[in-house]
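Report on the structure given below.
2 protein chains.
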Amino acid sequence: MKLTILGCYSATPQVHTNPTAQVLEIKNHTFLIDCGEGTQVELRRNKVKFSRIKHVFISHLHGDHCFGLAGLLSTFNLLSRESDLHIYAPNGLKEVITLQMKLSKSWTSYNLIFHELSSTTSELIFQDDKVEVYTIPLEHRVYTNGFLFKEKLGERKLDMNAVLNAGIDVAYYRKLKQGGDVPNSIGQLVENSKLTKAPNPSKSYAFCSDTAYNESIIPLIQDISVLYHESTFIEKNKDLASSTKHSTAKQAAKIAKKANVGQLILGHYSTRYSGIDAFKLEAETIFSNVELARDGKLFDFNNL
Amino acid sequence: MKLTILGCYSATPQVHTNPTAQVLEIKNHTFLIDCGEGTQVELRRNKVKFSRIKHVFISHLHGDHCFGLAGLLSTFNLLSRESDLHIYAPNGLKEVITLQMKLSKSWTSYNLIFHELSSTTSELIFQDDKVEVYTIPLEHRVYTNGFLFKEKLGERKLDMNAVLNAGIDVAYYRKLKQGGDVPNSIGQLVENSKLTKAPNPSKSYAFCSDTAYNESIIPLIQDISVLYHESTFIEKNKDLASSTKHSTAKQAAKIAKKANVGQLILGHYSTRYSGIDAFKLEAETIFSNVELARDGKLFDFNNL
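Chain order of the listed sequences is A and B.
Residue numbers are given in the working numbering: position 295 of the first sequence equals residue 807, and the series is strictly consecutive.
Residue numbers are given in the working numbering: position 256 of the second sequence equals residue 768, and the series is strictly consecutive.
Next up, the structure:
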């Protein structure tokens, strides 16, 4: 599980800072999360293969989270993409994109499948045999969701010494991995726990941007591996955070601590600050494992 | 009169190439022409003051010419812009922008005035006492206009030696500059041409992108100072130019020659070519004064 930050600044793209977009590689998927202006260029700069992206998750319809999508879809078309593209986004984005395509007489060469979101409670919006994705309703000036990406727990692992000693027939290995009890060589049923070990722990990542300080998300992200939580401001501007429904670094850390997450990544910084070190220092007064997102930074969660 | 090329490549933004956008400084105006994705960053990189831009001209609604506009308008808002902004664009763009603003609940702090274009003949779309702007209907896959920017001819210049010798009263200077005959110190009417010199020649610039080879534009751009004409392809790909309603460098040069323009600037290059020198070489076989647009290049027309 790897996360590449394409952009982690708020509001407006500048020469050296990009608006929100990130790529999460989880199991066999390459998920694009948010798509601010310039995302397609940052995908190229970070050498993400366009064809690997089959699912795009858009948190909300402020421009710094979605104005790069129309261009990306258009570029997919120029690249003669054929595979389906799924877009999970608030109600309304489909209408904008469809209108833009209609006006430019540029229909896609691939199936573009919109999953329009409007629920204010958490929903399972994607799953296959290895991964689940849930929405995390956030509190912002417009309808906004975070997203929780969870690896499903894998199969139990065979304890081969125990399995061979008990003379288990190879035909039962599948059932063992799935947790079942199986007969040994003389027909006696052996408990699964004596023959297998627990599966690798599953990892989970939550993307929470943009949002005011909101404790109602805590049950949804309890004990997850990594939380990306917006911190547009630091505490000296907490009034601004409150009035714009954003968070401070300290507030992000409070959420991380209360939810007992493994690691907190901060991002969505206002460009008003000359640097971002203050965000980390502030958050560390509350929660110890804090990392700073930076445009172009790769987080490898396999090392967690 | 100065032209800054913000982007001059076709189709899709890449790490080192930008889609179409340029800034024309003419008399007291800073006109933005087209606004592909990333234009606001290129404006910053080229140190164009955002507040100077009061008029935006959009040729057509393909993404590489307009997908940067929503972000720019949104940034104007964040910068607390107050002055009016006029947008001259094909019918439909107003609907897209309005929908995007509605969905993001982000109305502008300034007046946003759309001048929606749908005429297929040339129109005067802007004028003040010093400048006129006309549309140039182009032939492309969607409704497209080029734009002709013309300085109005200034006033005649006083020949002060002649004026003083003839004893012309200062009260008549204004009339002289406007071309009138005026009385001398003994009441005899003196011809204007004996007292004044011709005004500085007025400069003119035509932006023609995107378009197939189209001789019908020639009367509109006859004898202008500078023509920017798209050359998406070179001759070896002329079939592609024809099928996509674009032009080759040679075709651009033919238009420049037939219209007897002062200078031809080529741009809107396909990113399929490893370099752009071939465009100039090809055009120069037809027309001698050829320049290549490059992202970030400044053309100073005062030196023409």
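Note that CB positions come from ideal geometry on N, CA and C, so glycine has one too.
When you compare the CB of Gln775(A) with every CB in chain B, is at least one pair closer than 8 Å?
Numbered from its first residue, the first sequence carries residue 775(A) at position 263. Output row for Gln775(A): interface = no.
8 Å contact criterion, which Gly774(A) and Val738(A) should meet: CB distance rounded
Here residue 774(A) corresponds to residue number 262 of the first sequence, with the count starting at 1. Here residue 738(A) corresponds to residue number 226 of the first sequence, with the count starting at 1. Their Cβ separation, rounded to whole angstroms, is 6 Å, which keeps Gly774(A) and Val738(A) in contact under 8 Å.
Does the region 662–675 of chain A come within contact of the region 695–713 of chain A, defined as at least 3 CB pairs closer than 8 Å?
Contact between the region 662–675 of chain A and the region 695–713 of chain A is present: three or more C-beta pairs spanning the two stretches fall below 8 Å.
Residues bridged to Cys720(A) (per DSSP):
Position 208 of the first sequence, counting from 1, holds the residue named residue 720(A). Answer is His741(A), bridged to Cys720(A).
Rounded straight-line distance, which links the Cα of Asn673(A) to that of Tyr509(A)
This structure does not reach residue 509(A), given that chain A is present from 513 up to 816, and the question cannot be answered.
Indicate whether the contact test is met: 3 or more Cβ pairs, each with one atom in the region 566–580 of chain B and one in the region 561–570 of chain A, closer than 8 Å.
Segments in contact, no.
Can you tell me whether His741(A) is buried or exposed, with buried defined as 16 or more other CB within 10 angstroms of its CB?
Reading the first sequence from its first residue, position 229 is the one you call residue 741(A). Buried is the label assigned to His741(A), since at least 16 other Cβ atoms lie within 10 Å of its Cβ.
Which word fits Gln763(A), buried or exposed, when buried means at least 16 other C-beta atoms lie within 10 angstroms of its C-beta?
Locating residue 763(A) in the first sequence gives position 251, where the first residue counts as 1. Around the Cβ of Gln763(A), a 10 Å sphere holds 16 or more other Cβ atoms; the residue is buried.
Sorted by chain position, which residues of the same chain lie with C-beta nearer than 7 Å to Gln526(A)'s C-beta, five sequence neighbours on each side aside?
Position 14 of the first sequence holds residue 526(A). Answer for Gln526(A): Thr783, listed in chain order.
Once you ignore the five residues that flank Asn801(B) on each side, which residues in its own chain have a CB closer than 6 Å to its CB?
Taking the second sequence and counting its residues from 1, the one referred to as residue 801(B) is at position 289. So the qualifying residues of the chain are Gln775.
I'd like to confirm the pairing. Which residues does DSSP put opposite Lys709(A) in its beta bridges?
Residue mapping note: residue 709(A) aligns to position 197 of the first sequence, counting from 1. BP columns for Lys709(A) point to Lys669(A).
Less than 8 Å between CB atoms is the rule here; does Val675(B) satisfy it with respect to chain A?
Indexing the second sequence from 1 puts residue 675(B) at position 163. Under the Cβ distance rule, Val675(B) does not count among the residues neighbouring chain A, no pair being separated by less than 8 Å.
Cβ-based contacts, 7 Å cut-off: residues of the region 540–560 of chain B near chain A:
Cβ contacts with chain A: Glu549, Gly550, Gln552, Val553, Arg556, Arg557.
Do you know how far the Cα of Leu636(A) is from the Cα of Val560(A)?
For the purposes of this step, residue 560(A) is identified with residue 48 of the first sequence, where counting begins at 1. For the purposes of this step, residue 636(A) is identified with residue 124 of the first sequence, where counting begins at 1. Rounded to whole angstroms, Val560(A) and Leu636(A) show a C-alpha spacing of 26 Å.
Closer than 8 Å to chain B by CB, Ala601(A):
On the first sequence, residue 601(A) is found 89 positions in, with the first residue counted as 1. No, Ala601(A) does not count as interfacial toward chain B.
Which residues of the region 578–596 of chain A have a Cβ closer than 8 Å to any Cβ of chain B? Give them in chain order.
Those would be Phe579, Gly580, Ala582, Gly583, Ser586, Thr587, Leu590, in chain order.
I'd like to confirm the pairing. Which residues does DSSP put opposite Pro602(A) in its beta bridges?
Reading the first sequence from its first residue, position 90 is the one you call residue 602(A). Answer by DSSP bridge pairing, in chain order: Leu629(A).
With 16 as the cutoff for other CB atoms within 10 Å, does Thr647(B) come out buried or exposed?
By one-based count along the second sequence, residue 647(B) stands at place 135. By the 10 Å Cβ count, Thr647(B) comes out buried.
Looking at C-alpha atoms only, which residue of Asn603(B), Ala582(B), Asp812(B), His598(B) is the closest neighbour of Ile715(B)?
Translated into positions along the second sequence, residue 715(B) becomes position 203. One detail in the question is off: residue 715(B) reads as Lys in this sequence, not Ile. The residue with the shortest Cα to Cα distance from Lys715(B) is Asp812(B).
Within 8 Å of any Cβ in chain B, is that where the Cβ of Val527(A) sits?
Locating residue 527(A) in the first sequence gives position 15, counting from the first residue. By this cut-off, Val527(A) is an interface position.
Within chain A, the residues that Leu611(B) reaches when beta carbons sit closer than 7 Å:
On the second sequence, position 99 is the one that residue 611(B) refers to. Per Cβ cutoff of 7 Å: Glu607, Val608, Leu611.
Between the region 611–640 of chain B and chain A, which residues of the former have a C-beta closer than 9 Å to a C-beta of the latter?
Against chain A - using a Cβ distance shorter than 9 Å - the residues of the region 611–640 of chain B are Leu611, Gln612, Lys614, Leu615, Ser616, Lys617, Ser618.
Using a Cβ-Cβ distance under 8 Å, would Val654(B) count as near chain A?
The residue labelled residue 654(B) in the question sits at position 142 within the second sequence. When Cβ-Cβ separations below 8 Å define contact, Val654(B) makes contact with chain A.
4 or more residues per run - each alpha helix (DSSP H) lying fully within the region 764–794 of chain B:
The region 764–794 of chain B contains no whole alpha helix (DSSP H) run of 4 or more residues.
Rounded separation between Thr744(A) and Ile798(A) - CA only:
On the first sequence, residue 744(A) is found 232 positions in, with the first residue counted as 1. On the first sequence, residue 798(A) is found 286 positions in, with the first residue counted as 1. When only Cα atoms are considered, Thr744(A) and Ile798(A) end up about 17 Å apart.
Closest by C-alpha distance to Gln690(A), when choosing among Asn540(A), Ile698(A), Gly679(A), Glu703(A)
Reading the first sequence from its first residue, position 178 is the one you call residue 690(A). Considering only alpha carbons, the answer is Glu703(A).
Is Thr532(A) close to chain B, meaning its C-beta is less than 8 Å from at least one C-beta of that chain?
Counted from its first residue, the first sequence places residue 532(A) at position 20. It does not; no Cβ of chain B falls within 8 Å.
Taking 8 Å as the threshold (C-beta atoms), are Lys617(A) and Arg653(B) in contact?
Here residue 653(B) refers to the residue found at position 141 when the second sequence is read from its first residue. Here residue 617(A) refers to the residue found at position 105 when the first sequence is read from its first residue. Taking 8 Å as the Cβ cut-off, Arg653(B) and Lys617(A) qualify as a contacting pair.
For His528(A), report the span of its alpha helix (DSSP H) as first-last.
Counting from 1 along the first sequence, the entry for residue 528(A) is found at position 16. For His528(A), no alpha helix (DSSP H) encloses it, and the DSSP letter there is neither H nor E.
In chain order, what residues of the same chain lie with their CB nearer than 7 Å to the CB of Thr632(A), ignoring the 5 residues before and after it?
As a first step, residue 632(A) is located in the first sequence; it is residue number 120 there, counting from the start. Excluding residues within five positions, the ones whose Cβ falls inside 7 Å are Pro649.
Rounded to a whole number of angstroms, what is the C-alpha to C-alpha distance between Gln639(A) and Leu591(B)?
The residue you call residue 639(A) lines up with position 127 of the first sequence. The residue you call residue 591(B) lines up with position 79 of the second sequence. Approximately 42 Å between the Cα atoms of the pair.
Is Lys818(B) helix, strand or coil when you go by DSSP?
There is no way to answer for residue 818(B), as the model of chain B reaches only from 513 to 816.
Taking all protein chains shown into account, decide if Arg686(A) is buried (16 or more other Cβ within 10 angstroms of its Cβ) or exposed.
Here residue 686(A) refers to the residue found at position 174 of the first sequence. Its Cβ having fewer than 16 others within 10 Å, Arg686(A) is exposed.
Going by the beta-carbon positions, is the gap between Gly583(A) and Glu663(B) smaller than 8 Å?
Translated into positions along the first sequence, residue 583(A) becomes position 71. Translated into positions along the second sequence, residue 663(B) becomes position 151. No, the pair does not count as a contact, with Cβ atoms beyond the cut-off.
Using beta-carbon positions only, say whether Ile777(B) and Ala761(B) come within less than 8 Å of one another.
In the second sequence, counting from the first residue as 1, residue 777(B) sits at position 265. In the second sequence, counting from the first residue as 1, residue 761(B) sits at position 249. Taking a C-beta distance under 8 Å as the contact criterion, Ile777(B) and Ala761(B) do not qualify as a contact pair.
Rounded separation between Ser754(B) and Gln734(A) - CA only:
Stepping through the second sequence from its first residue, residue 754(B) is reached at position 242. Stepping through the first sequence from its first residue, residue 734(A) is reached at position 222. The straight-line gap from Cα to Cα measures roughly 59 Å.
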